[in-house]
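Mind the numbering: the sequence shown is residues 544 to 790 in this note's numbering, read in order.
The block underneath contains the structure these notes are about, expressed in structure tokens.
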Amino acid sequence: KNVIVASRRMQGVFLQVFSKFCHLPFLRGIQTQSTRTGLGGYWVSQMRKDIWERQRMENFESILQQQQFEGSMAVGVLDHDVVFWFGDLNFRIEGYDIHVVKSSHNTRCLYRSWQYGFFQSLNMVKKTEPVLEGFMEGPLNFPPTYKFDVETHTYDTSAKKRKPTWTDRILWVSAGRAPPYRPITLHYSSHMGFTLSDHKPVSALFCLHVSLKMVNVPLVTLEVEKEWTKFSDATVKLTVGLYKVIH
Numbered sequence: 544k545n546v547i548v549a550s551r552r553m554q555g556v557f558l559q560v561f562s563k564f565c566h567l568p569f570l571r572g573i574q575t576q577s578t579r580t581g582l583g584g585y586w587v588s589q590m591r592k593d594i595w596e597r598q599r600m601e602n603f604e605s606i607l608q609q610q611q612f613e614g615s616m617a618v619g620v621l622d623h624d625v626v627f628w629f630g631d632l633n634f635r636i637e638g639y640d641i642h643v644v645k646s647s648h649n650t651r652c653l654y655r656s657w658q659y660g661f662f663q664s665l666n667m668v669k670k671t672e673p674v675l676e677g678f679m680e681g682p683l684n685f686p687p688t689y690k691f692d693v694e695t696h697t698y699d700t701s702a703k704k705r706k707p708t709w710t711d712r713i714l715w716v717s718a719g720r721a722p723p724y725r726p727i728t729l730h731y732s733s734h735m736g737f738t739l740s741d742h743k744p745v746s747a748l749f750c751l752h753v754s755l756k757m758v759n760v761p762l763v764t765l766e767v768e769k770e771w772t773k774f775s776d777a778t779v780k781l782t783v784g785l786y787k788v789i790h
């Protein structure tokens, strides 16, 4: 059983964090922050490519600098043991026109080169921008997830004819205090069957070991003071955040 731990909405972005019910007693210090980006918090649809890339890097830097958390040793975003950064990061394939990209995808030619990042703007930027230093990603063993004609599996046929690319990404960085804090990517894939958007959704599954010192003392314990004499005595009611749970 899963329950919502936190949620946040900003314009067209809606993020929810879920947890298995059995993990709730061990969740502590949950905080959420949001940062307005772009020009005055509004996205600009038309912008010169070099200006747009510079703006994106400035947005990343603003998020890292402005988001502060209270009552914890991890005051800033990168102070945490592990940080996951995901969404439509809007990085593109560079160096080839749309015809080469489409034909290469269909024939698998050059696919391995893109998979290892030789022509991806994300990998190029990681070499020059300190804000992305240390961020890792699983292998791109799935087709480009953008841009599709809505309700189809066909790459963009509009007048703009955007090149297929991997704009939707899941990155992570570890503080490196100890090997257990480094996530292991078990699964990283797209879900090409969805057609509601011009993007195809992307998901990842990670294995992350947590120190026993962090979880061996639950915040809440239940002590039975007397024996149950009827079934109704075995019902425990409690409230976790805003969500009432009956066991």
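Even for Gly, the Cβ is constructed at its ideal location relative to N, Cα and C.
In chain order, K743, P744, V745, S746 place their CB closer than 8 Å to the CB of H734, counting only its own chain and leaving out the 5 sequence neighbours on each side. Under the DSSP assignment, C750 falls in the beta strand (DSSP E) whose first and last residues are 745-750. If you draw a 10 Å sphere on the C-beta of D622, you find fewer than 16 other C-beta atoms in it, and that means exposed. Using a C-beta cut-off of 8 Å, the stretch 704-715 makes contact with the stretch 671-685, since at least three inter-stretch Cβ pairs fall below that distance.
Considering only L567, T575, V546, I547, the residue with the shortest C-alpha distance to M553 is T575.
Going by beta carbons, F557 and V546 fall outside the 8 Å limit.
Put simply, the backbone Cα of F691 is about 14 Å away from that of D631.
Under the 10 Å beta carbon count, P687 is surrounded by 16 or more other beta carbons and is classified as buried.
Straight across, the Cα-Cα distance linking M679 with G572 is about 26 Å. Cβ-Cβ distances below 6 Å link S732 to F685 in the same chain, with the five nearest sequence neighbours on each side left out; the list follows chain order. The Cβ-Cβ distance between T708 and R597 does not fall below 8 Å. For A617, there is no enclosing beta strand (DSSP E), as DSSP marks it with neither H nor E.
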